[in-house]
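Same order as they appear, the protein sequences are chains A and B. End of the first sequence sits at 134 in the numbering used here; the numbers just go up one at a time, nothing left out. End of the second sequence sits at 134 in the numbering used here; the numbers just go up one at a time, nothing left out. Ideal Cβ positions, reconstructed from N, Cα and C, are used throughout, including at glycine. To start, the structure itself, in C-alpha cells.
Protein chains: 2
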Amino acid sequence: MKTAEIMTISEAAARSGVPPKTIRFYEEAGIIEPAARSENRYRAYDDSDVHTLRFVHRARRLGFPLKDVAALLDLYRNTKRASRDVKKLALKHVAQLDRRIAELTAIRDAIAALAKQCQGDHRPECPILNELGG
Amino acid sequence: MKTAEIMTISEAAARSGVPPKTIRFYEEAGIIEPAARSENRYRAYDDSDVHTLRFVHRARRLGFPLKDVAALLDLYRNTKRASRDVKKLALKHVAQLDRRIAELTAIRDAIAALAKQCQGDHRPECPILNELGG
DNA sequence: ATTGACGTTCCAGCGGCTGGAATCCCCACA
DNA sequence: TGTGGGGATTCCAGCCGCTGGAACGTCAAT
Numbered sequence: 001m002k003t004a005e006i007m008t009i010s011e012a013a014a015r016s017g018v019p020p021k022t023i024r025f026y027e028e029a030g031i032i033e034p035a036a037r038s039e040n041r042y043r044a045y046d047d048s049d050v051h052t053l054r055f056v057h058r059a060r061r062l063g064f065p066l067k068d069v070a071a072l073l074d075l076y077r078n079t080k081r082a083s084r085d086v087k088k089l090a091l092k093h094v095a096q097l098d099r100r101i102a103e104l105t106a107i108r109d110a111i112a113a114l115a116k117q118c119q120g121d122h123r124p125e126c127p128i129l130n131e132l133g134g
Numbered sequence: 001m002k003t004a005e006i007m008t009i010s011e012a013a014a015r016s017g018v019p020p021k022t023i024r025f026y027e028e029a030g031i032i033e034p035a036a037r038s039e040n041r042y043r044a045y046d047d048s049d050v051h052t053l054r055f056v057h058r059a060r061r062l063g064f065p066l067k068d069v070a071a072l073l074d075l076y077r078n079t080k081r082a083s084r085d086v087k088k089l090a091l092k093h094v095a096q097l098d099r100r101i102a103e104l105t106a107i108r109d110a111i112a113a114l115a116k117q118c119q120g121d122h123r124p125e126c127p128i129l130n131e132l133g134g
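The structure is reproduced here in C-alpha cells:
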C-alpha cells in the first residue's frame, strides 16, 4: 500500500496521525465531510482526504478548538478568503492561550511557594493545608 | 441570617463560594460527606461544613483535580498526617502545571510567530494556512 | 473452515461542572 | 385561606474532545 490512492480508515489514520475513532468522530461532528464508501460499506479515503485530516491534526495540535478548526478548514479551502479572517482567529487563540498561561503560572507559583515552606517530613505541620484551611 | 449556625444550601454556597449545584455534585461525587437534613428534607449546613466547602473551593482554585482535593481533605482532617504526603501531592501538581504551561507556551509562540508573518488584509495569502496545510 | 485482524454501528464514560424540567416546600401578603 | 414567588429537591442532558467497549460484518490467509 505504498502509493495507495484509495485506502481504509486505519491507513488514513496512519498517514494523517488521526486515530480511526477520532476520524469517525470528526465526521459525525461535521468537522470533515462524510467519507466515501467502498462496496463493502467501509469508509474509503484518498490522498486528498488524508491531506484534510493532516490539516485538522495540525490545527488541533496547535490547540485550536474544533469549531475553529472547522472555520480554518473552510478558509483554507476558500481561495477567495481574506488573510485578515485567518489572522483574527489565530490572534484570538493566542489571547486565550496567554490568559490560560497566566492563570496556570499564578497557580503554579502559589503552590510552589507553599510547598517550599512545607518541611515534607513525618510531622503533620504543613503550610499548604494551613492555607487551604484558611 | 448573620450568625446562622444552621443554614440552607444557598447560604452555605454564598459563604463558601461554591454554588449550590456544585455542592450537590461534590456530595454525589463523594468529595464531601452527605449533608445533614432538616425536617423538610432540605440539606442543612453549619459553620464547619462551610469551612470544609471553603477548603475544597480553595483547592479547586489552585487547580487540584477533585481526586486530589479529596485526598488533601483527608490529610487536612487527619492530625497524624505526615507533611511529606501533602508536599508530594503539591509537587506532583506543580510538575503537571509546569508541563502544561510549557506545552501551551510552545503552542502560543508557534501561533504568534505565524500570525506575525500573516499580512492580515484582504488578500488570501496566509502563512498560517500554509503551515496547517503542510 | 477457521482464525484473526480489520471494519461497522451504537452506547458509555472521562472531568467538572452547569442548565433545565418537574415537583415540593415555606413564607408573606391580601 | 388562597396565592404567588422564591427557594429547595430530584433526575436527566449537555458541554468538550475524544476513547473504550460491545456486538456484529467483512476480508485475507491458513
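(request) Give the single residue among His51(A), Lys92(A) and Ser83(A) whose Cα lies nearest to the Cα of Arg15(A). (result) His51(A)
(message) I'd like to check one pair, Ala82(B) with Asp121(A): are the Cβ atoms closer than 8 Å?
(response) yes
(request) Going by CA-CA distance only, name the one from Glu131(B), Glu11(B) and Arg123(B) that's closest to Tyr42(B). (result) Glu11(B)
(request) Select from Glu103(B), Ile128(B), Arg77(B) and Glu5(B) the residue whose C-alpha is nearest the C-alpha of Asp91(A). (result) Correcting the residue identity first, residue 91(A) is Leu in this sequence and not Asp. The option with the nearest alpha carbon to Leu91(A) is Ile128(B).
(request) May I ask you to verify whether the region 88-102 of chain A touches the region 70-85 of chain B, counting CB pairs closer than 8 Å and requiring at least 3? (result) no
(request) Mind checking who Tyr76(B) pairs with in its DSSP beta bridge? (result) Paired residue(s): none; Tyr76(B) is not in a bridge.
(request) Please compile the residues from chain A whose C-beta is within a distance smaller than 7 Å of the C-beta of Arg108(B). (result) Val94, Leu97, Asp98 and Ile101
(request) Give the C-beta separation of Ile101(A) and Ile101(B) to the nearest angstrom, bearing in mind that I take them to be a contact with Cβ-Cβ under 8 Å. (result) 6 Å
(message) Spatial neighbours of Val86(B) within its chain, please: C-beta separation below 8 Å, excluding the five flanking residues on both sides.
(response) Leu72 and Leu75
(request) Examine chain A for any beta-carbon lying closer than 8 Å to the beta-carbon of Ala143(B), and answer yes or no. (result) Since the first residue shown for chain B is 1 and the last is 134, residue 143(B) is missing from the structure and cannot be characterised.
(request) Give the DSSP bridge partners of Tyr45(B), in chain order. (result) Met7(B)
(request) Classify Lys2(A) as helix, strand or coil using the three-state DSSP reduction. (result) Bear in mind that a pLDDT of 48 at Lys2(A), under 50, signals an unreliable position, so the number given afterwards is only what the model happens to contain. If DSSP states are grouped into helix, strand and coil, Lys2(A) belongs with coil.
(request) Give every residue of the same chain whose Cβ lies closer than 6 Å to the Cβ of Pro20(A), excluding the five residues on either side of it in the sequence, and list them in chain order. (result) Ile9, Ser10 and Ala13
(request) Could you give the DSSP three-state label for Ala36(B): helix, strand or coil? (result) strand
(request) Ignore the nearest five residues each way along the sequence and tell me which others in Met1(A)'s own chain have a CB closer than 7 Å to its CB. (result) For Met1(A), the predicted structure reports a pLDDT of 45, less than 50, and the residue's modelled location is therefore unreliable. The matter cannot be settled from this model.
(message) Quick check on this structure: which residue in Gln117(B), Asn78(B), Asn40(B) and Tyr26(B) has the alpha carbon closest to the alpha carbon of Ala123(A)?
(response) The residue asked about is misnamed: residue 123(A) is Arg in this sequence, not Ala. The residue with the shortest Cα to Cα distance from Arg123(A) is Asn78(B).
(message) Can you find the residues in the same chain that come closer than 6 Å, C-beta to C-beta, to Cys118(B), ignoring five residues on each side of it along the sequence?
(response) Cys126, Pro127 and Ile128
(request) Check the Cβ-Cβ distances between Lys87(A) and every residue of chain B, and say whether any is below 8 Å. (result) yes
(message) Does chain A have any CB closer than 8 Å to the CB of Tyr26(B)?
(response) no
(request) Taking only the alpha-carbon atoms, compute the straight-line gap between Glu160(A) and Ile31(A) and give it to the nearest angstrom. (result) Beyond the ends of chain A as shown, which are 1 and 134, falls residue 160(A); an answer cannot be given.
(message) Quick check: what's the CA-CA separation for Arg60(A) versus Arg108(B)?
(response) 13 Å
(message) Beta-carbon within less than 7 Å of Glu131(B)'s beta-carbon, same chain only, minus the 5 sequence neighbours each way: which residues are those?
(response) Leu114
(request) Could you give the DSSP three-state label for Tyr81(A): helix, strand or coil? (result) Rather than Tyr, the amino acid found at residue 81(A) in this sequence is Arg. It is coil, neither helix nor strand.
(message) Rounded to the nearest angstrom, what separates Phe55(A) and His57(B) at their Cα positions?
(response) 40 Å
(request) Check whether the Cβ of Tyr45(B) lies closer than 8 Å to any Cβ atom in chain A. (result) no
(request) Verify the CB distance criterion: does Lys80(B) have a CB-CB separation below 8 Å to chain A? (result) yes
(request) Measure how close the beta-carbons of Leu66(A) and Ala29(A) come, nearest whole angstrom, since I'm counting them as under 8 Å. (result) 7 Å
(request) Give the secondary structure of Val94(A) by DSSP, where H, G and I count as helix, E and B as strand, and everything else as coil. (result) helix
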